[in-house]
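As you go down the protein sequences, you meet chains A and B in turn.
Counting with my numbering, you get residues 2 to 115 for the letters of the first sequence.
Counting with my numbering, you get residues 49 to 161 for the letters of the second sequence.
Notes follow the structure.
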Amino acid sequence: NAGVTQTPKFRVLKTGQSMTLLCAQDMNHEYMYWYRQDPGMGLRLIHYSVGEGTTAKGEVPDGYNVSRLKKQNFLLGLESAAPSQTSVYFCASGLRGGSSYEQYFGPGTRLTVT
Amino acid sequence: GNSVTQMEGPVTLSEEAFLTINCTYTATGYPSLFWYVQYPGEGLQLLLKATKADDKGSNKGFEATYRKETTSFHLEKGSVQVSDSAVYFCALRLDSSASKIIFGSGTRLSIRP
């Protein structure tokens, strides 16, 4: 049981390049999330999904797109990378809400845009 | 709006010292409250949680009590260890669709041997 995995772990992009980050979970969770973590700012929600085929914008969605074609995968795309997107990206997943709810996080992807 | 405010770090303590990391929140309704921990180079892990007023969450010697009257959820540990060095995030979840979580900015804790 791998939990939440993310690929790649590290990436360096030039301004204007594109890339896709992959998140996979094997816990059959309905909900999945993409966050970015910047120094002194905690985690900010980029996009999220409440089920296969559905996505929604979070707090900081500009410059990113997502897709959830399969329940276990959640992809984050950068169409034209900018230096402001240099960050650590975390994926998380969770079951439908309830008192026992928690989010499970992947190990993160460190992205540098030059 | 809904937000979480936690004490700024870094916090540096000696081993076996008492730890308090303050956290207050602003929220409509009745949120669930969490503390997450991030060890170097890793993702976040849930440390403890409380789902209603006066609940106490506890795990690995850490405790936090959900205080509705002061809108606080302070993290405490009686005797810290070097292995507790990490970044700690206070967070809340609103009782709404998608179970979105709002995180504080994090507090870096360093423990000296």
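Idealized CB from N, CA, C, for every residue including glycine.
Remember, it's a predicted structure, so these values are computed and weren't measured experimentally.
Within the segment 114–139 of chain B, contact with chain A at the beta-carbon level (separation under 8 Å) is assigned to Phe137. The DSSP assignment places complete beta strand (DSSP E) segments of no fewer than 3 residues inside the segment 42–74 of chain A at 44–52, 55–58, 66–68, in order along the chain.
Annotation: the continuous beta strand (DSSP E) that includes glutamine 86 (chain B) extends over 80–86.
The Cβ neighbour count for aspartate 132 (chain B), taken over all protein chains shown within 10 Å, is at least 16; the residue is labelled buried. Per the DSSP secondary-structure output, asparagine 107 (chain B) pairs in a beta bridge with B:Phe110. Scanning A:Pro40, A:Ser81, A:Ser85, A:Gly107 for the CA closest to the CA of tyrosine 34 (chain A) turns up A:Gly107.
For valine 67 (chain A), there are no neighbours in chain B by C-beta distance under 7 Å, as the nearest C-beta there is about 13 Å away. Interface annotation, proline 9 (chain A): not in contact with chain B, CB-CB separation never under 8 Å. Measuring C-alpha to C-alpha distances from threonine 16 (chain A) to each of A:Thr56, A:Gln86, A:Leu44 identifies A:Gln86 as the nearest.
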